[in-house]
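Trainee: Here's a structure for you.
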Amino acid sequence: MLRLMPLVQNESMKIFRRWRTWVMAASLVVFMTLLSTVQFMDKPNDQRDWKTRLEANIQQNEQMMSDARTGEGQKLRLQESILLDRYAIEHDIPVNERSLWTPVTLGANLITLITIFTIVVAADNVAGEFSGGTIKLILIRPAKRWKVLLSKYIASLGFALFLLVTVFAISWLLGIGFYGLGALHQPVLDVRDGMVIEQSMVASLLQTYALNSVSLVMMATFGFMISTVFRSSSFAIGGSIALLFVGTSIVYGLREYPWVKYVLFAHLDLTQYLKGKPLIEGMTLGFSVTMLLAYFVLFMALSFFIFGKRDVAA
1019 MLRLMPLVQN
1029 ESMKIFRRWR
1039 TWVMAASLVV
1049 FMTLLSTVQF
1059 MDKPNDQRDW
1069 KTRLEANIQQ
1079 NEQMMSDART
1089 GEGQKLRLQE
1099 SILLDRYAIE
1109 HDIPVNERSL
1119 WTPVTLGANL
1129 ITLITIFTIV
1139 VAADNVAGEF
1149 SGGTIKLILI
1159 RPAKRWKVLL
1169 SKYIASLGFA
1179 LFLLVTVFAI
1189 SWLLGIGFYG
1199 LGALHQPVLD
1209 VRDGMVIEQS
1219 MVASLLQTYA
1229 LNSVSLVMMA
1239 TFGFMISTVF
1249 RSSSFAIGGS
1259 IALLFVGTSI
1269 VYGLREYPWV
1279 KYVLFAHLDL
1289 TQYLKGKPLI
1299 EGMTLGFSVT
1309 MLLAYFVLFM
1319 ALSFFIFGKR
1329 DVAA
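Encoded structure:
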């Protein structure tokens, strides 16, 4: 493993020496700053005290629950909303007020953009060596082929981690600049088994970032595999990005078929289990994790097998 680290460092240096890497990072900072600024300047239309707004929400939800046309599933969600609002009022927790955590929450939406950037880097990391003719120079080194390929994969994920940390840090600093540190220790509320519980805001946001990053890792791995097998970065990038945007929609449209639960894109969004609404009825978190691991092993096995057998003499 120690012999692998120099290879990873070398591949990481290749990534961070390119100007496009810093353009990607800078674009995330610019997007995050613009989104946070617009959100800060966009004052809410309802200027009432937050407790007054929550009390009004409680009354409205209670009226909807008493409506005979309200379904059982909707009643359950309304009941949970009422529990949360009452708890927030009783314990003086302004849950819906903007705070330093608002930009951090907003930053999670940029993970899709980070995924695209990572796909570009991961796909070009292997295919670019073939198209540029430098793959021969790499493989004449004493390092084994699987170590060379693994170092490229690890470096690609390291780039993704760099972008994630950048977004989290910048959004947190923007939150402090716009809203101050008043809500630093404010918890996030959730309902479990009919009881309201308090969770650490930091832990909750890290969980959100981690779950959203599952799609990032899987799609980057898919793009990495395609570029390794077909030696085409454009095909890998285009195909991966296209599937990233339409894959879930296709699965949703075919959700009536029992076999669709075995399709990768049905499992990329693990936050569906936090919301209690699986994309396909009957799916569980354990099943989704198992399917993700199976696809991950398949993608990596194909990548290493093809790369290990490929003739690069031509």
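Counting in this note's numbering, the sequence shown runs from 1019 upward without gaps.
Just so you know, even glycine gets a beta-carbon here, dropped at the ideal spot from N, CA and C.
(1) Tell me which residues share the same chain as Phe1317 and place their Cβ nearer than 7 Å to its Cβ, disregarding the 5 neighbours each side in the sequence.
(2) Would you call the region 1178-1194 and the region 1071-1087 in contact, with 3 or more CB pairs under 8 Å?
(3) Measure the Cβ-Cβ separation of Ala1126 and Thr1226 and say whether it is below 8 Å.
(4) I need the boundaries of the alpha helix (DSSP H) containing Gln1116, first residue and last residue.
(5) Taking C-alpha atoms, which residue in Lys1165, Trp1164, Leu1128 and Met1213 lies nearest to Glu1098?
(6) Within its chain, find whatever has a CB closer than 7 Å to the CB of Ile1324; leave out the 5 residues flanking it on each side and keep chain order.
(7) I need the straight-line Cα distance from Gln1057 to Gly1091, nearest angstrom please.
(8) Please report the distance separating the alpha-carbon of Arg1116 from that of Met1219.
(9) Tell me whether the beta-carbon of Leu1288 lies closer than 8 Å to the beta-carbon of Leu1229.
(10) Under the three-state reduction of DSSP, which class applies to Leu1207: helix, strand or coil?
(11) Whole alpha helix (DSSP H) runs in the region 1032-1083 with 4 or more residues, listed along the chain?
(12) Determine, using beta carbons only, whether Asn1143 and Ala1178 come nearer to each other than 8 Å.
(13) Measure how close the beta-carbons of Leu1167 and Ser1321 come, nearest whole angstrom, since I'm counting them as under 8 Å.
(14) With a Cβ-Cβ cutoff of 8 Å, do Ile1137 and Ile1255 count as a contact?
(15) Whole alpha helix (DSSP H) runs in the region 1236-1275 with 4 or more residues, listed along the chain?
(16) If you draw a straight line from the alpha carbon of Arg1087 to that of Lys1093, how long is it in whole angstroms?
(17) Under 8 Å by Cβ, that's how I've got Thr1133 and Leu1262 pegged, so tell me the actual separation to the nearest angstrom.
(18) Starting from Glu1098, trace the alpha helix (DSSP H) in both directions and tell me its first and last residue.
(19) Would you call the CB atoms of Leu1223 and Ala1106 closer than 8 Å?
(20) Return the chain-ordered list of same chain residues with a C-beta closer than 8 Å to the C-beta of Leu1199, the five sequence neighbours on each side being excluded.
(21) Should Gly1300 be labelled buried (16 or more other beta-carbon atoms within 10 Å of its own) or exposed?
(22) Kindly indicate which three-state DSSP category Val1185 falls into: helix, strand or coil?
(23) Comparing the CB of Thr1289 with every heavy atom of the ligand FMN, is any distance shorter than 7 Å?
(24) In the DSSP assignment, find the beta strand (DSSP E) that holds Val1214 and state where it starts and stops.
(25) Determine the burial state of Leu1072: buried for a count of at least 16 other Cβ atoms within 10 Å of its Cβ, exposed for fewer.
(26) In angstroms with no decimal places, state the Cα-to-Cα distance between Trp1037 and Ala1044.
(27) If we ignore side chains and look at the alpha-carbon of each, how far apart do Trp1068 and Arg1095 end up?
(28) Relative to the C-alpha of Phe1283, which residue among Thr1266, Trp1277, Tyr1275 and Gln1290 is closest?
Mentor: With the given structure in hand:
(1) Sequence-distant Cβ neighbours of Phe1317 in its own chain, meaning closer than 7 Å and more than five residues away, are Thr1239, Phe1240 and Met1243.
(2) Flag = no, the region 1178-1194 and the region 1071-1087 do not touch.
(3) Yes.
(4) Position check: residue 1116 holds Arg in this sequence, whereas Gln was assumed. Careful: Arg1116 lies outside any alpha helix (DSSP H) and carries neither H nor E.
(5) Comparing C-alpha distances from Glu1098 to each of Lys1165, Trp1164, Leu1128 and Met1213 shows the shortest one belongs to Met1213.
(6) So the qualifying residues of the chain are Thr1246 and Val1247.
(7) Spanning the two alpha carbons is a distance of roughly 32 Å.
(8) Computed Cα separation, rounded: 13 Å.
(9) Contact flag set, yes.
(10) DSSP, reduced to helix, strand and coil, places Leu1207 within a strand of the structure shown.
(11) Qualifying alpha helix (DSSP H) stretches, in chain order: 1037-1059.
(12) Taking 8 Å as the Cβ cut-off, Asn1143 and Ala1178 do not qualify as a contacting pair.
(13) Confirmed, Cβ separation roughly 6 Å.
(14) It is a contact, given that the beta carbons lie within the stated cut-off.
(15) Listed in chain order, the alpha helix (DSSP H) runs fully inside the region 1236-1275 are 1251-1271, counting runs of at least 4 residues.
(16) C-alpha of Arg1087 to C-alpha of Lys1093: approximately 10 Å in a straight line.
(17) With a beta-carbon spacing of about 6 Å, Thr1133 and Leu1262 fall inside the 8 Å limit used to define contacts.
(18) Glu1098 -> alpha helix (DSSP H) spans Glu1090 to Glu1108.
(19) 8 Å or more divides the Cβ of Leu1223 from the Cβ of Ala1106.
(20) Answer for Leu1199: Leu1118, listed in chain order.
(21) Residue environment analysis places Gly1300 among the exposed positions, since fewer than 16 neighbouring C-beta atoms fall within 10 angstroms of its C-beta.
(22) DSSP places Val1185 within a helical segment (H, G or I) once states are collapsed to three.
(23) This structure lacks the ligand FMN, and indeed carries no ligand of any kind.
(24) In the DSSP assignment, Val1214 falls within the unbroken beta strand (DSSP E) covering Met1213 to Gln1217.
(25) The residue is buried, with at least 16 neighbouring Cβ atoms inside 10 Å.
(26) Roughly 11 Å separates the two Cα atoms.
(27) Between Trp1068 and Arg1095, the C-alpha separation is close to 21 Å.
(28) Minimum Cα distance to Phe1283 is reached at Thr1266.
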